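Peer 1: Mapping to this note's numbering: the sequence shown position 73 is 792, numbers consecutive.
Before I ask anything, here is the structure I am working with.
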Amino acid sequence: MVGGAEEKGDRFEGDEGRRDGMTRAALPVAALSAAVLASACATLRGLTFQEPDVSLQEIQITGIGLAGGTFDLVFDVWNPNDYRLRSTRLEVGVDLEGTHFGDALLDRPLDLSPTNHSRVVVPVRFEWAGLGAGAKALLTRRAVGYAITGRVFLDTPLGDKTVGLTGKGNVPLRKLLP
């Protein structure tokens, strides 16, 4: 045979050179892949999760009618983490002066920047029925006592997290008309 490989057992002469060349070329790629993977694991290992601080800043009345109305809960959310958080869902119930006014669900994604404050507005719809006669009078005040309970579902680099949401205090009430 001219110019062909000579048979050596099951292999052909000349295959070993190609295999050694491929092995030599694959070694740097494998080493680089291992280094990147180790670096990513080390980075994730150094991350810790701190719950965001959520505080109600104000309530903005957005509509009042014969059957009920709507208002926005305006939250300040502080993300103390060194990485972005993404909320996938927020559920909140609100009581004003001891009367349950409504529940809200915000299921659109919210991005919370690292070590930063974000303003989050959650709309709430309520009905006068069942609120009692004094409920309408609450909405004429400049500030009201509130209590909120709920949950925030977060997507983090460390996996999904659920954070409880509770708070009470007094908050300014922004009226529909000044």
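For each residue, glycine too, the CB sits at the ideal point set by N, CA and C.
Here the structure is a predicted model, which means the values were calculated and not measured.
Could you pull the start and end residues of the alpha helix (DSSP H) that ALA854 belongs to?
Peer 2: Locating residue 854 in the sequence shown gives position 135, where the first residue counts as 1. Segment 854 to 857, the alpha helix (DSSP H) holding ALA854.
Peer 1: At the level of alpha carbons, what is the spacing between THR818 and ASP791?
Peer 2: Mapped onto the sequence shown, residue 818 falls at position 99. Mapped onto the sequence shown, residue 791 falls at position 72. Going by the C-alpha atoms only, they are around 17 Å apart.
Peer 1: Please report the distance separating the alpha-carbon of GLU810 from that of GLU777.
Peer 2: If you number the sequence shown from 1, residue 810 lands on position 91. If you number the sequence shown from 1, residue 777 lands on position 58. GLU810 and GLU777: Cα-Cα distance of roughly 18 Å.
Peer 1: Flag this pair as yes or no: are the beta carbons of LEU766 and PRO891 separated by less than 8 Å?
Peer 2: Translated into positions along the sequence shown, residue 766 becomes position 47. Translated into positions along the sequence shown, residue 891 becomes position 172. No. Outside cutoff.
Peer 1: For ALA823, which residues does DSSP report across the bridge?
Peer 2: Mapped onto the sequence shown, residue 823 falls at position 104. Paired residues: VAL811.
Peer 1: Closer than 8 Å is the cut-off here; do at least three beta carbon pairs connect the region 840 to 849 with the region 780 to 790?
Peer 2: They touch, by the three-pair rule.
Peer 1: Quick one, which of ARG860, GLN769 and ASP801 has its alpha-carbon nearest ILE780's?
Peer 2: Sequence index remark: in the sequence shown, residue 780 carries index 61 (1-based). Per the Cα distances, ARG860.
Peer 1: Output the boundary residues of the beta strand (DSSP E) element that contains ALA862.
Peer 2: The sequence position of residue 862 within the sequence shown is 143, counting from 1. ALA862 -> beta strand (DSSP E) spans 862 to 875.
Peer 1: Under a Cβ-count criterion, where at least 16 other Cβ atoms within 10 Å of its own Cβ denotes burial, should ASP879 be classed as buried or exposed?
Peer 2: Taking the sequence shown and counting its residues from 1, one reaches residue 879 at position 160. Exposed is the call here.
Peer 1: Could you tell me how far apart the beta carbons of PRO828 and LEU804 are, in whole angstroms, since I believe they sit closer than 8 Å?
Peer 2: One-based indexing of the sequence shown puts residue 828 at position 109. One-based indexing of the sequence shown puts residue 804 at position 85. The Cβ separation is near 11 Å, so there is no contact.
Peer 1: ASN800 to VAL839, Cα distance in whole Å?
Peer 2: Against the sequence shown, residue 800 aligns to sequence position 81. Against the sequence shown, residue 839 aligns to sequence position 120. Their Cα atoms are separated by approximately 18 Å.
Peer 1: Which same chain residues, not among the five before or five after ALA786, have their C-beta less than 7 Å away from its C-beta?
Peer 2: Against the sequence shown, residue 786 aligns to sequence position 67. Once the five neighbours on either side are set aside, the close Cβ partners of ALA786 are GLU846 and TRP847.
Peer 1: Cβ atoms of SER806 and LEU884: under 8 Å apart, would you say?
Peer 2: To locate residue 884, count along the sequence shown from 1; it is residue 165. To locate residue 806, count along the sequence shown from 1; it is residue 87. No; because the gap between Cβ atoms is not below 8 Å, this pair is not in contact.
Peer 1: Between the C-alpha atoms of ASP826 and ALA856, what's the straight-line distance to the nearest angstrom?
Peer 2: Your numbering for residue 826 matches position 107 in the sequence shown. Your numbering for residue 856 matches position 137 in the sequence shown. Taking the straight line from one Cα to the other gives about 31 Å.
Peer 1: Can you check whether the CB of VAL863 is closer than 8 Å to the CB of ASN889?
Peer 2: Translated into the one-based positions of the sequence shown, residue 889 becomes position 170. Translated into the one-based positions of the sequence shown, residue 863 becomes position 144. Yes, these two residues count as a Cβ contact at 8 Å.
Peer 1: Quick one: is ASN798 buried, meaning 16 or more other Cβ sit within 10 Å of its Cβ, or exposed?
Peer 2: Here residue 798 is taken as the residue at index 79 of the sequence shown, counted from 1. Under this definition ASN798 is a buried residue.
Peer 1: Would you mind stating whether VAL796 and VAL773 have Cβ atoms separated by less than 8 Å?
Peer 2: As a first step, residue 796 is located in the sequence shown; it is residue number 77 there, counting from the start. As a first step, residue 773 is located in the sequence shown; it is residue number 54 there, counting from the start. Closer than 8 Å, so yes.
Peer 1: Does DSSP put GLY851 in a helix, in a strand, or in coil?
Peer 2: The count along the sequence shown starts at 1 and reaches residue 851 at position 132. In the structure shown, GLY851 sits in coil (DSSP, three-state: anything other than H, G, I, E or B).
Peer 1: Mapping the DSSP letters down to three states, classify GLY765 as helix, strand or coil.
Peer 2: Position 46 of the sequence shown holds residue 765. DSSP places GLY765 in helix when its eight states are reduced to three.
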